[in-house]
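If you read the protein sequences in the order shown, they are chains B and F.
FYI, in our numbering the residues of the first sequence are 229 to 481.
FYI, in our numbering the residues of the second sequence are 3 to 200.
Every residue, glycine too, gets a C-beta built ideally from N, C-alpha and C.
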Amino acid sequence: MLTKRIIPCLDIKEGRTVKGINFKNLVDAGDPVELASYYSDQGADELVFLDISATAEKRKTFAALVRKIAQKINIPFTVGGGIASVAEARTLLLAGADKISINSAAIRNPTLIKELSEAFGGQCVVVAIDAKKVDDTWRVYSVGGAKPTSLNLFTWAKEVVKLGAGEILFTSMDNDGTKQGFANKALLQLSKTVNVPIIASGGAGEIAHFTETFRTSGADAALAASVFHFNQITIPQLKKELHTQGIAIRKTP
Amino acid sequence: MKIGIIDYGMGNIKSITNAVNHLNHTASLLTNPDSINDYDFLILPGVGAFSEAMSKLNETGMNHAIIDCVKNGKKILGICLGMQLLFAKSYEFGETTGLGLVEGDVVPFDKEIALKVPHMGWNEAIATDNYFKDLSGDYYFVHSYYCLPKKKEVTLFLTNYGINFCSAINLNSQIYGVQFHPEKSQHLGMNLLKRILV
């Protein structure tokens with residue numbers, strides 16, 4: 229049976245891991261290569277690295293970091309942050325990343341999704357969507373949640389899948405940083421709207437939130453950052469509890 | 003052991019190279035067939051579209067080189083798309099002829115099953131062969147098509163995703179194929195590579 233995935237997310241700025249609480253107030257939480265190796269040993273099913281330095285100069289550092297990560301871990305990992313062309317994606321994939329995640333660049337230029345999926349296959353194209361509820365509709369935001377767009381979450385999700393996205397990483401800005409649980413209703417609707425795997429993101433605060441999202445939302449994976457980085461939830465503890473609750477997860481030694 | 007990883011521009015070969023090096027074998031990337039006979043074991047990796055992969059292999063003459071080597075007894079391991087390429091024919095975007103080293107077809111997951119495609123994530127592969135029994139467990143998969151071997155006995159692992167499909171093959175301990183990514187499947191994947199690469 230296909231298992232639900234637990235994905236720690238590492239925000240990277242100038243080679244170090246940071247986590248924005250509600251996209252602000254960055255706090256340093258360690259060396260990315262060490263942290264990646266630690267999470268992999270702990271039983272993380274996949275990792276996501278988001279480069280938030282996002283200048284061309286700094287992104288060269290990121291490719292070097294991706295190379296080091298690929299040498300150190302043997303679980304799949306996704307990289308994202310400021311990728312806006314096939315060439316940039318190729319550099320990161322050749323460095324050893326398995327998937328690339330795009331967000332604002334896809335909103336600015338939806339054709340990029342098609343170009344990437346034609347060049348590398350849809351399975352390595354993750355479209356990340358940040359959205360929050362505005363007047364009863366889920367509105368998509370770009371530039372790391374700073375800029376509202378005219379797009380609706382579900383319409384946009386359908387569009388990105390049509391263009392070749394192989395997976396959607398949905399962050400509910402309403403839930404992110406609150407530690408009150410994932411946006412399960414929106415996730416469920418998303419799951420009914422598109423037929424690709426969905427990663428739930430934003431709102432993880434305790435183990436029960438993971439159980440709940442896997443039970444009720446149709447999400448295939450759950451992503452979190454600070455609860456893992458600050459050791460509020462450990463992955464072995466989380467997986468043990470999910471298993472006890474009857475959620476299919478990967479057994480790790 | 004000298005392992006030749008066939009590099010034809012399809013997907014993440016960095017990870018498989020890292021994995022092979024970790025196992026203390028020597029991995030070299032082969033971009034053309036010139037030195038293919040110098041290697042003890044070939045690995046055919048790959049992610050992406052079947053037809054594009056075949057035309058890239060055909061362009062460099064790698065297709066004939068692989069077929070000749072294997073017919074002369076060289077061992078080969080196909081990973082993910084690489085496993086599919088070993089088969090006779092794929093039905094991805096029309097019909098494409100494969101390397102034909104294994105009888106059978108590559109077919110899409112049936113939409114009627116109503117599961118998400120691609121089949122992405124960690125899923126259980128169960129060995130049908132006692133020698134591999136201890137390596138049954140969760141491996142990392144990413145694919146939208148699967149292999150349907152003509153002869154049942156070539157199946158080495160079975161995985162359930164709506165249906166039971168063949169997730170690995172073994173022909174006479176010479177031709178191996180795995181639908182999942184052992185190089186991304188942590189300890190279990192490394193142990194499987196260790197068992198196969200002999």
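> For E185 (chain F), which residues in chain B fall below 9 Å Cβ to Cβ?
Replying inline: Those within 9 Å of E185 (chain F) in chain B are N302.
> Three-state secondary structure (DSSP) at K76 (chain F)?
Replying inline: K76 (chain F): coil per DSSP, three-state reduction.
> In angstroms, rounded to a whole number, what distance separates the CA positions of M64 (chain F) and N162 (chain F)?
Replying inline: Rounded to whole angstroms, M64 (chain F) to N162 (chain F) spans 33 Å at the Cα level.
> Can you check whether the CB of D107 (chain F) is closer than 8 Å to the CB of F89 (chain F)?
Replying inline: The answer is yes: Cβ separation under 8 Å.
> On the three-state DSSP scale, how would you describe E343 (chain B)?
Replying inline: In the structure shown, E343 (chain B) sits in a helix (DSSP, three-state: H, G or I).
>> So that I know if they touch, is there some Cβ in chain B lying closer than 8 Å to that of D140 (chain F)?
In response: At least one beta carbon of chain B lies nearer than 8 Å to the beta carbon of D140 (chain F).
> If you draw a straight line from the alpha carbon of F251 (chain B) to that of A356 (chain B), how long is it in whole angstroms?
Replying inline: Per-residue confidence for F251 (chain B) stands at a pLDDT of 33, beneath the threshold of 50, marking its modelled position as unreliable; the derived number appears in the next sentence. Roughly 15 Å between the two C-alpha positions.
> So who's on the other strand from T99 (chain F), going by DSSP bridges?
Replying inline: Answer is F:K91, bridged to T99 (chain F).
> Leaving out five residues before and five after K58 (chain F) in sequence, what residues of the same chain have Cβ atoms less than 7 Å from its Cβ?
Replying inline: Hits under 7 Å: Y10, G11, M12.
> For chain F, is any of its Cβ atoms less than 8 Å away from the one on I249 (chain B)?
Replying inline: Caution applies to I249 (chain B), whose pLDDT of 38 falls short of 50 and renders its modelled position unreliable; the value that the coordinates give is listed next. For I249 (chain B), not one C-beta of chain F is nearer than 8 Å to its own C-beta.
> Do you know how far the Cα of E126 (chain F) is from the Cα of T472 (chain B)?
Replying inline: Rounded to whole angstroms, T472 (chain B) and E126 (chain F) show a C-alpha spacing of 18 Å.
>> Using the Cβ count rule (16 or more neighbours within 10 Å means buried), how would you classify A374 (chain B)?
In response: A374 (chain B) is exposed by the Cβ-count criterion.
>> Under 8 Å: do the segment 13-26 of chain F and the segment 463-480 of chain B share three or more Cβ pairs, one atom per stretch?
In response: No, the segment 13-26 of chain F does not touch the segment 463-480 of chain B.
> Helix or strand or just coil, what does DSSP make of L391 (chain B)?
Replying inline: L391 (chain B) falls in the coil class under three-state DSSP.
> Are the C-beta atoms of K76 (chain F) and some chain B residue less than 8 Å apart?
Replying inline: So, not an interface residue.
> Going by the CB atoms, is the gap between G308 (chain B) and S281 (chain B) shorter than 8 Å?
Replying inline: It is not a contact, given that the beta carbons lie outside the stated cut-off.
>> I'd like to confirm something about P464 (chain B): is its beta-carbon nearer than 7 Å to some heavy atom of the ligand FMN, or not?
In response: Absence of the ligand FMN is noted for the structure shown, with no ligands found whatsoever.
>> Using 8 Å as the threshold, is the C-beta distance between A272 (chain B) and I311 (chain B) below it?
In response: Not closer than 8 Å, so no.
> Are A432 (chain B) and L415 (chain B) closer than 8 Å when you measure CB to CB?
Replying inline: If you check the CB distance, A432 (chain B) and L415 (chain B) do not come in under 8 Å.
>> I need the straight-line Cα distance from E346 (chain B) to T399 (chain B), nearest angstrom please.
In response: Taking the straight line from one Cα to the other gives about 26 Å.
> Which runs of the alpha helix (DSSP H) spanning at least 4 residues fall entirely within the segment 296-354 of chain B, listed in chain order?
Replying inline: Listed in chain order, the complete alpha helix (DSSP H) runs (minimum 4 residues) inside the segment 296-354 of chain B are 314-322, 332-336, 339-348.
>> My output table needs one value for P184 (chain F): the three-state DSSP class, helix, strand or coil.
In response: DSSP, reduced to helix, strand and coil, places P184 (chain F) within a helical segment of the structure shown.
>> According to DSSP, simplified to helix, strand and coil, what is G123 (chain F)?
In response: DSSP places G123 (chain F) in strand when its eight states are reduced to three.
> With 16 as the cutoff for other CB atoms within 10 Å, does K186 (chain F) come out buried or exposed?
Replying inline: Classification of K186 (chain F): buried, given that the 10 Å Cβ count is 16 or more.
>> Would you call the segment 261-270 of chain B in contact with the segment 294-303 of chain B, where contact means no fewer than 3 C-beta pairs closer than 8 Å?
In response: Yes, the segment 261-270 of chain B touches the segment 294-303 of chain B.
>> So that I know if they touch, is there some Cβ in chain F lying closer than 8 Å to that of G394 (chain B)?
In response: Proximity of G394 (chain B) to chain F, defined by a Cβ-Cβ separation below 8 Å, is satisfied.
> Where D136 (chain F) and G6 (chain F) are concerned, what is the direct C-alpha to C-alpha distance, given to the nearest angstrom?
Replying inline: Cα to Cα, D136 (chain F) sits roughly 27 Å from G6 (chain F).
> Would DSSP call E105 (chain F) helix, strand or coil?
Replying inline: For E105 (chain F), the three-state secondary structure derived from DSSP is strand.
>> According to DSSP, K525 (chain B) sits in a beta bridge with which residue or residues?
In response: What the structure shows of chain B is the stretch from 229 to 481, and residue 525 (chain B) is not part of that stretch, so it cannot be assessed.
> Does the beta carbon of L470 (chain B) sit closer than 8 Å to a beta carbon anywhere in chain F?
Replying inline: Taking Cβ atoms only, chain F never reaches closer than 8 Å to L470 (chain B), which makes this a no.
>> For K2 (chain F) and N172 (chain F), I'd like the C-alpha separation in whole angstroms.
In response: One cannot answer for residue 2 (chain F) here, as it falls past the ends of chain F, which runs 3 to 200.
>> I'd like to confirm the pairing. Which residues does DSSP put opposite Y148 (chain F) in its beta bridges?
In response: F:V109.
> Which residue's Cα is closest to the Cα of K232 (chain B): B:L322, B:K390, B:T441?
Replying inline: The shortest C-alpha separation from K232 (chain B) is found at B:T441.
> So, using beta-carbon positions, are L344 (chain B) and V314 (chain B) closer together than 8 Å?
Replying inline: V314 (chain B) sits close to L344 (chain B), with the two beta carbons spaced by under 8 Å.
>> Whole angstroms are fine: how far does the CA of S332 (chain B) sit from the CA of I325 (chain B)?
In response: Looking at the sequence itself, residue 325 (chain B) is Ala, so the reference to Ile does not match. Cα-Cα distance, rounded: 20 Å.
> Are the segment 118-132 of chain F and the segment 95-105 of chain F in contact at 8 Å, needing three or more beta carbon pairs?
Replying inline: The segment 95-105 of chain F and the segment 118-132 of chain F do not touch, with fewer than three beta-carbon pairs separated by less than 8 Å.
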